[in-house]
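So the structure is just underneath, and the comments pick up after that.
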Amino acid sequence: MRLNARRKEAIAGYVFASPIILTIMIFTIYPVAMALYYSFTNYQPTEAQKFKFSVIPEEAVTFHLAVFPDEPGLDRQELIDWFDAILFVELDLGVRLNPSQKQAVTEHLMIEQIVDDFLGGKLSTPMTTERFFSIYLNAEQHQFRRYIPEFVGLNNFQEMVQDEYFWISLSNAFMFSIIVVPIQTFLALLLAVSANLKIRGRGFFKAIFFLPSISSAAAISMIFWLIYSKPGVLNRLLGTIGFEAVDWLNNPNTALGAVMVMNIWTTAGYFMITFLAGLQGIPGSLYEAASMDGARFWKIFWKITIPLLRPQILFVSIMGIIGCMQVFDQIYFLIQNMRNITISFYIYRNAFQYHRMGYASALALVLFVIILGLTLMQKRFFKEEAYF
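So for the sequence shown, the working numbering puts the first residue at 24; every next one is plus one.
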């Protein structure tokens with residue numbers, strides 16, 4: 024069948040776009056779909072991995088029985104009598120067992136076969152723990168195969184309603200957004216207007232303003248940790264005018280505010296570039312006409328610059344809210360108390376410290392819905408078109 028020109032063009036387009044399409048499907052769509060699935064389960068990553076560990080059974084038995092297989096005079100029956108199935112599996116193989124698995128190991132682990140193969144030198148080949156149980160467990164093997172999380176429905180979301188730290192972290196994220204976004208947007212706008220003036224050295228100032236946004240978050244956090252610590256630079260400066268030293272990052276009343284200041288400093292320069300691009304698109308004739316009519320700087324700023332930068336303001340505010348609702352790295356590096364955590368940090372803690380990936384996925388889903396709702400509200404009530 025011959026293809027017409029339109030179909031050939033479409034096929035060629037999909038072929039050229041296929042790398043990015045596959046990348047998005049693998050690294051974006053698939054993780055989002057799995058997070059949605061896990062949010063309705065009790066998925067625990069430690070449980071998922073415990074049957075995938077590679078072990079050398081001979082070494083595990085050697086540690087358990089405190090003998091080597093080639094030692095002379097070993098008594099087979101004595102080794103069998105010494106063998107403790109539960110201790111062997113949990114301590115020597117490193118597999119934590121639930122009550123039903125303990126019962127299965129106690130009743131069905133083939134201890135005699137393990138000892139015979141140990142003495143015969145047949146356990147020196149590395150294997151996964153799942154493979155070990157498939158060989159030496161004569162029943163209930165389904166409990167030691169690939170981990171499948173239990174579907175719990177809306178239990179994670181019901182627990183969330185009763186979770187005090189969920190509400191604390193969510194309210195902190197909202198407070199972070201409400202305070203940081205307007206200030207960083209206005210500051211970025213002022214920096215852009217200043218950097219757009221035809222003055223000597225403006226390229227240097229643009230680079231200085233933009234530098235914090237391209238610096239490592241870890242490095243900046245460590246710098247501000249030195250500034251905010253009790254014997255740090257800030258307290259020394261305040262001490263010269265009679266203020267007592269404050270532990271800014273360990274005091275729950277000041278920790279979040281201190282991080283907000285750092286976030287504003289690091290992001291204002293980044294959004295300045297967006298406003299600079301918008302300022303470059305405003306015709307200079309408008310400013311000349313306003314100046315000829317006797318308009319002063321602030322009137323020109325409010326009547327011409329602000330209305331014509333409306334698309335950039337909407338973009339910066341949306342990106343700022345998304346970033347603030349998802350703020351994590353600065354909280355991770357600087358804040359130790361649970362009263363000042365944000366929702367992203369609480370998701371991380373549940374996923375990688377409490378090993379409750381199912382509950383963390385539910386938290387992430389709620390955060391996604393909130394951010395999506397805030398973005399749609401902004402686009403609905405604040406039109407992008409510029410106006411006078």
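Beta carbons: idealized from backbone N, C-alpha and C, even for Gly.
Computed from a predicted structure; not experimentally measured.
Residue i, buried or exposed, once every other Cβ within 10 Å from all chains shown has been counted against 16
i	result
tryptophan 325	exposed
tyrosine 251	buried
serine 314	exposed
histidine 87	buried
glycine 226	exposed
methionine 121	For the record, residue 121 in the displayed sequence is asparagine; it is not methionine. The residue in question, asparagine 121, is exposed, as its Cβ has fewer than 16 Cβ neighbours within 10 Å.
glycine 117	exposed
alanine 33	exposed
phenylalanine 368	buried
valine 392	exposed
threonine 148	exposed
leucine 431	The question about residue 431 has no answer here: the residues shown for the chain are numbered 24 through 411.
alanine 278	buried
tyrosine 382	buried
glycine 317	exposed
Cα-Cα separation between residue i and residue j, rounded to whole angstroms
i	j	result
glutamine 359	proline 334	38 Å
alanine 241	valine 350	13 Å
phenylalanine 19	proline 80	Residue 19 falls outside the range modelled here, since the chain spans only 24 to 411, and no answer is possible.
alanine 409	valine 175	The predicted model places alanine 409 with a pLDDT of 49, which falls under 50 and marks its position as unreliable; any figure quoted below should be read in that light. In a straight line, the C-alpha of alanine 409 is about 49 Å away from that of valine 175.
methionine 348	isoleucine 364	12 Å
phenylalanine 189	glutamate 82	45 Å
leucine 309	valine 204	29 Å
aspartate 352	isoleucine 243	10 Å
phenylalanine 411	phenylalanine 320	A caution first: phenylalanine 411 carries a pLDDT of 46, below 50, which makes its placement in the model too unreliable to give a value.
isoleucine 366	methionine 183	12 Å
Coil, strand or helix - residue i by DSSP
i	result
methionine 133	coil
serine 77	strand
leucine 160	strand
phenylalanine 174	strand
threonine 151	strand
glycine 346	helix
glycine 381	helix
aspartate 139	helix
Identity of the residue in the options nearest residue i by Cα
i	options	result
tyrosine 371	Ile202, Leu386, Leu309	Leu386
serine 77	Asp186, Glu153, Val216	Glu153
threonine 151	Arg168, Gln136, Phe141, Gly144	Arg168
- Item | Sequence ranges, alpha helix (DSSP H) only - wholly within the stretch 24–71, length at least 4 | 28–47, 53–61
- Kindly provide the ranges of any alpha helix (DSSP H) runs that are 4 or more residues long and lie completely inside the stretch 259–325, ordered along the chain. 278–303, 307–315, 320–323
- Message: My parser needs the beta strand (DSSP E) runs of 3 or more residues fully inside the stretch 168–238; what are they?
- Response: none
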